[in-house]
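Trainee: Numbering (our numbering), first residue to last: 542 to 802.
Each residue gets a CB set at the ideal place from its N, CA and C atoms; glycine is no exception.
None of the values given here were measured: they were computed from a predicted structure.
Structure below; questions to follow.
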Amino acid sequence: MAEQKNILSQNRDGVLYLTISRESKLNALNYNTLEELNNIFNEVNDNKSIRGVILTGAGEKAFVAGADINEIAELNELNARKFAEFGQEVLHNVESCHKPVIAVVNGYALGGGCELAIACHMRIATANAKFGQPEVNLGIIPGYGGTQRLTQLIGRTKATEILMTGDMLDADEALKLGLLNYVEPTKDTAIAKAEGILQKIMKKAPLSIGMIIDCVNAVYTSGENGYQIEANSFARCVKSEDYREGTKAFLEKRDPVFKGE
Ligand code: COA
542 MAEQKNILSQ NRDGVLYLTI SRESKLNALN YNTLEELNNI FNEVNDNKSI
592 RGVILTGAGE KAFVAGADIN EIAELNELNA RKFAEFGQEV LHNVESCHKP
642 VIAVVNGYAL GGGCELAIAC HMRIATANAK FGQPEVNLGI IPGYGGTQRL
692 TQLIGRTKAT EILMTGDMLD ADEALKLGLL NYVEPTKDTA IAKAEGILQK
742 IMKKAPLSIG MIIDCVNAVY TSGENGYQIE ANSFARCVKS EDYREGTKAF
792 LEKRDPVFKG E
């Protein structure tokens, strides 16, 4: 994995730990950080040594406090569209990554930070986490897919309220709304929880995990026939060595050993 300036990355036993590291700016996503995130996720899919990703923010105060407002303050109509489209592309690459991506939300997840968290496949928050889409306070709206994903995730009623008021939710409220998988007391316990989930997933056939991600994403992609994608993915699994190993191991009453082939 190429060295990045604003994102620390470490592969430990198949789990890629990514830490957005602009702590003095509450890990706000400037263009360079977004570009680094894109470079990383472009590499993750093809890197067989990575079986799952844990994404968090440096420090205890923030996951990501939004897109960098210094850059937002300089936008014009033309580059604003490009700004939004690039952010959407990067978060789409996170969401469609074939390895499970778990956000450990350690503090503020605001604006682009909330959008990034909800582009991940699962979210575990620390008790001090706060979620919100405060763009309306700046005279803009979410531009990295937040209006779409938040509505898909928690439904129109509460999403509209959150998007229009800019109010923050605490971790317990976010859990109740279905925005989170779990709330943990601290960052360490949240990371341990994410590791436990990934350890379970890493024992399964990697191809199946990638196909599940494609099929679930298809539910939310207009113009895609999710049932067709499911049937095609099912057939693709049956062509794999891991399918033969999984079924054989069951019949031989032993644990399967999957190779991702
Ligand atoms: N973009 C750029 N810088 C940001 C930022 C952002 N989204 N969020 C925080 N920062 C910077 C602050 O400007 C400050 O920098 P400074 O020390 O150089 O002045 C530093 O991070 C610490 O933030 P501060 O506001 O002093 O911390 P706080 O504890 O008082 O407040 C927040 C925390 C998250 C409530 C507050 O920083 C905030 O509202 N941030 C903006 C959130 C937002 O609107 N995000 C959506 C952007 S589209």
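When the Cα atoms are used, what is the spatial distance from Ile-659 to Val-798?
Mentor: Within the sequence shown, numbered from 1, the residue matching residue 659 stands at position 118. Within the sequence shown, numbered from 1, the residue matching residue 798 stands at position 257. In a straight line, the C-alpha of Ile-659 is about 32 Å away from that of Val-798.
Trainee: In chain order, what residues of the same chain lie with their CB nearer than 7 Å to the CB of Thr-727, ignoring the 5 residues before and after it?
Mentor: For the purposes of this step, residue 727 is taken as the residue at position 186 of the sequence shown. The residues are Thr-667.
Trainee: So which of Leu-748, Asn-758 and Val-760 has the shortest CA-CA distance to Arg-777?
Mentor: The sequence position of residue 777 within the sequence shown is 236, counting from 1. Comparing Cα-Cα distances from Arg-777 to each of Leu-748, Asn-758 and Val-760, the minimum goes to Leu-748.
Trainee: Figure out for me which residue from Arg-592, Met-542 and Gly-598 has the closest Cα to the Cα of Thr-560.
Mentor: Residue mapping note: residue 560 aligns to position 19 of the sequence shown, counting from 1. Considering only alpha carbons, the answer is Gly-598.
Trainee: Counting beta carbon pairs with one atom in the region 650-657 and one in the region 590-608, are three or more of them shorter than 8 Å?
Mentor: Segments in contact, yes.
Trainee: Would you kindly work out how many angstroms separate the C-alpha atoms of Ile-703 and Arg-622, rounded to a whole number?
Mentor: For the purposes of this step, residue 703 is identified with residue 162 of the sequence shown, where counting begins at 1. For the purposes of this step, residue 622 is identified with residue 81 of the sequence shown, where counting begins at 1. Rounded to whole angstroms, Ile-703 to Arg-622 spans 23 Å at the Cα level.
Trainee: Touching or not, the region 664-682 and the region 710-719, by the rule of three or more beta carbon pairs under 8 Å?
Mentor: Counting Cβ pairs under 8 Å, three or more are found: they touch.
Trainee: With C-beta atoms as the reference, is Glu-584 less than 9 Å away from Ala-543?
Mentor: In the sequence shown, counting from the first residue as 1, residue 584 sits at position 43. In the sequence shown, counting from the first residue as 1, residue 543 sits at position 2. Yes.
Trainee: Work out the CA separation of Gly-686 and Asn-495 for me, nearest whole Å.
Mentor: Any property of residue 495 remains undetermined from this structure, which presents the chain solely from 542 to 802.
Trainee: Thinking C-beta only, is Ile-750 closer than 9 Å to His-639?
Mentor: Within the sequence shown, numbered from 1, the residue matching residue 639 stands at position 98. Within the sequence shown, numbered from 1, the residue matching residue 750 stands at position 209. Their beta carbons are under 9 Å apart, which means His-639 touches Ile-750 by this criterion.
Trainee: Determine whether the beta carbon atoms of Ile-613 and Phe-627 lie at a separation below 9 Å.
Mentor: Locating residue 613 in the sequence shown gives position 72, counting from the first residue. Locating residue 627 in the sequence shown gives position 86, counting from the first residue. In this structure, Phe-627 does not lie closer than 9 Å to Ile-613 by Cβ.
Trainee: Can you tell me whether Asn-518 sits near ligand 1, meaning its C-beta is under 8 Å from at least one heavy atom of the ligand?
Mentor: The structure shown has nothing for residue 518, since the chain only spans 542 to 802.
Trainee: Whole angstroms is fine: what's the gap from Thr-574's alpha carbon to Lys-602's?
Mentor: Here residue 574 corresponds to residue number 33 of the sequence shown, with the count starting at 1. Here residue 602 corresponds to residue number 61 of the sequence shown, with the count starting at 1. Cα-Cα distance, rounded: 18 Å.
Trainee: Would DSSP call Ala-644 helix, strand or coil?
Mentor: By one-based count along the sequence shown, residue 644 stands at place 103. Correct three-state label for Ala-644: strand.
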